[in-house]
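Quick note, the sequences are listed as chains A and B, same order. According to the UniProt record's numbering, the first sequence holds residues 1 to 343 in order. According to the UniProt record's numbering, the second sequence holds residues 1 to 343 in order.
There are 2 protein chains.
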Amino acid sequence: MAATMRQVAEAAGVSIATVSFVVNNTKPVAPETRQRIEEAMERLEFRRNMVGRALASRRTRVVALVYPAMEHKLGASGMEFVTSAARTAGRAGYHLVLWPVSNDAAELTQLVGQGLVDGVLLMEVQLEDPRVEVLRRTRTPFTLIGRSADLTGLVYVDIDFDRTMEQAVDHLLGLGHRRLVMVAGSQEEASYRSYGPFVRSAAAYRRIAAERGFEVVILECEQTTAAGRAVAERILSAHPATTAVLVLNEFAAPGLVSGLLRHGVRIPEDVSVLSVLTSTEASTSVEPALTSMSSPGAELGELGVQALLRLLEGGPASPPRLLAGTLVPGDSTGPVRTGPAAG
Amino acid sequence: MAATMRQVAEAAGVSIATVSFVVNNTKPVAPETRQRIEEAMERLEFRRNMVGRALASRRTRVVALVYPAMEHKLGASGMEFVTSAARTAGRAGYHLVLWPVSNDAAELTQLVGQGLVDGVLLMEVQLEDPRVEVLRRTRTPFTLIGRSADLTGLVYVDIDFDRTMEQAVDHLLGLGHRRLVMVAGSQEEASYRSYGPFVRSAAAYRRIAAERGFEVVILECEQTTAAGRAVAERILSAHPATTAVLVLNEFAAPGLVSGLLRHGVRIPEDVSVLSVLTSTEASTSVEPALTSMSSPGAELGELGVQALLRLLEGGPASPPRLLAGTLVPGDSTGPVRTGPAAG
DNA sequence: CTGAAAGCGCTTACAG
DNA sequence: CTGAAAGCGCTTACAG
């Protein structure tokens, strides 16, 4: 079906080297020669074969996206990330393969050993991540989405938890709130233990609280609707003066809201709720629609791939990029109540 | 780093052909020879290079997942599908690349022309799909997730809309409901026009209604929470005797529920709501948690890849597989109200 | 500006 | 049971 370079060369009466020079634009070629070659390519429907090229050039132009399957659900924003990464790669002439691997070294070692990929994009990085060691040891170029604890020599893009939390907190402070509760995810499950996003956002929150001068209350809860409902009760019983809740737990947020409503707490009149790093879909499916800091999933995918490709093409190493979420207005936050507390 | 076959052959004092026979287990090799080769492979950390193998064997062992990016959001169940497809491929020694391409022929033609993939898994198939033509014309083996109108000679896996709708309807009939409304997705947007799932589930619904003897009311609404709320009002005003609603619109379902509640309709005491082909996450994030027919995303991914690989390995063509959703109990359906209607 | 040639790491008839 | 050799479709020094 598709013609080879050799066939094109014969048809144009040149050597296959010259065809290669035209295809890759790597050396000057006389105008008429180029013309003949281009005509032949057109006529024979020449498409450069990636496998031959990969073997000869020792570059496959395939990169892998490594993420832990099953362990935790990536959800809708995960799909956004993945699609954006694949498109960015595609536009640069690369392909993205999906490696949903368990978070251990053996499987990844085996995969990189196959020589299919030029580099790896590593998602859901743990603070101490065995996969980072595998990639270092095998000299596989890679970029982190997230951050491990030891970052020396690593290229990464991540969420800017400091700025995201600052914007979130300042939105609430600006509405007059001073009695905040932060609801974080549970680190019970192995795959969430010392999970970067939880650790970093909690740290950012403490720092901001110290600077702005308000009390820190952090409640952990599992990533389910039921746990969200339970945490609502904890807030009402243990912290009744709370006027605003910051949720960093996409799966618990709906439950938190319904738990509050169920106890007669009005949102946002009595208590404001701000959901951090949730997808738009999740936010708008709740009643009232959640004010949220949206997750920069698509941008992270794009920047992560771009940084990786720069690594592969020998450009200057990309400086770390940290992206903040964006405030998406909803109906769940409002001015602090001025009358007597309802709780 | 990784040794080549030639190095292994030299170390073991054999030809590279013999090494190949051992690696692939394609020809009998004397026990001692095999032993020497295996030791050398172990010692030199031999890993068979996929690119060399691909070029020589004319099979890359890479398959592509083609799906329309952007056009409509795939959401959480999309991620499940994708991950399951990638894992199934991986376990069979294949890789899955992601091709989020616009739904037109040119881009896909260019991609398959590169010779990177042995076959394609086509998602979100339209009834008349130009991509199917591209794959036929280029003689690319492929499998559909979904179904085009003309299925001659095609291998596909899809949701069993008949059985899924039957189970959904019978659940409601079993609770005594006779006045049903079905809420479907809107086909306004181009990417949803004559979208298989909408067309087939509506057809199934009409058939079942005729068999069971109840009136057909189908309302279309856009895939947003706001549209869901609006459709709730349409139901209450135009069809006040309704006792149960079947929603085939994951994104509108939460709005439908809150719209009903907002008008004082109790769920499920006054009206039951059953959400068809939604993800578990979406169902449980609503209050009350939605009774739903879950989407068999992971199973579809697995079966789709298996069917494609069978095609590639020249096995007998897989018969079409249709998978029904499973009823996931929630709190949004109950016995039909016996007292006077509330609406 | 162009070509002959080696080689990327394998597989696979073919011969023995 | 094993090997020599051709070849998969390209790229890339090297020479001219």
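Glycine included, each C-beta is placed from N, C-alpha and C at the ideal position.
Query	Result
Contacting positions in the region 141-174 of chain B - beta carbon closer than 7 Å to chain A	none
Own chain partners of B/D129 with C-beta closer than 6 Å, once the 5 adjacent residues on each side are dropped	S148
A/S237 burial status per 10 Å Cβ neighbour count (16 or more: buried)	exposed
Chain A within 8 Å of B/A341, Cβ atoms only	Confidence at B/A341 is low in this model, with a pLDDT of 47, below 50, so the placement of that residue is unreliable and no value is reported for it.
Sequence-distant residues of the same chain with beta carbon closer than 6 Å to B/Y195, five excluded per side	none
Cβ-Cβ separation, A/Y156 to A/P320 (assumed contact under 8 Å), whole Å	5 Å
Among A/L300, A/E313, A/G259 and A/G301, nearest to A/E287 - alpha-carbon criterion	A/G259
First and last residue of the uninterrupted alpha helix (DSSP H) at B/D158	Here B/D158 belongs to no alpha helix (DSSP H); instead the beta strand (DSSP E) covers V155 to I159.
Option nearest A/F117 by Cα separation, candidates A/W99, A/V247, A/V169 and A/G314	The sequence as given places Val at residue 117 of chain A; Phe does not occur at that position. Here the closest residue by C-alpha is A/W99.
CB contact below 8 Å: B/Q187 versus chain A	no
Simplified DSSP state of A/F198, which is helix, strand or coil	helix
A/D160 to A/V276 span [Cα, whole Å]	12 Å
Contact with chain A by B/A9, beta-carbon distance below 8 Å	no
For A/Y94, the three-state DSSP class (helix, strand or coil)	coil
Contact with chain A by B/V51, beta-carbon distance below 8 Å	yes
Buried or exposed by the 16-neighbour rule on C-beta atoms within 10 Å, applied to A/V213	The sequence given here places Gly at residue 213 of chain A; Val does not occur at that position. Counting Cβ neighbours within 10 Å, A/G213 comes out exposed, since fewer than 16 surround it.
Rounded straight-line distance, which links the Cα of A/L144 to that of A/V97	16 Å
Reduced DSSP category for B/V245 - H, G, I as helix; E, B as strand; rest coil	strand
Meets three-Cβ-pair contact criterion under 8 Å: the region 108-126 of chain B and the region 325-333 of chain B	no
Near the ligand MN: B/L323 beta-carbon under 7 Å from a heavy atom	Summarising the ligand content, the structure contains no ligands, and the ligand MN is consequently not present.
For A/R53, the first and last residue of its enclosing alpha helix (DSSP H)	M50 to S57
Backbone CA spacing between A/P340 and A/R262 [nearest angstrom]	Because the pLDDT at A/P340 is just 49, under 50, the model does not fix this residue reliably, and the value given afterwards should be weighed accordingly. The straight-line gap from Cα to Cα measures roughly 20 Å.
Completely contained alpha helix (DSSP H) runs for the region 236-291 of chain A, where each covers 4 or more residues	253-262 and 280-284
Sub-8 Å separation of A/S285 and B/A232 beta-carbons	no
Proximity below 8 Å, CB of B/T278 to CB of B/E302	no
CB contact check: A/G294 to chain B, cutoff 8 Å	This sequence places Ser at residue 294 of chain A; Gly is not what is there. Not closer than 8 Å to any Cβ of chain B, the Cβ of A/S294 fails to qualify, so no.
Contact check, A/I37 vs A/V63, beta carbons under 8 Å	no
First through last residue of the alpha helix (DSSP H) which encompasses A/G113	A105 to G113
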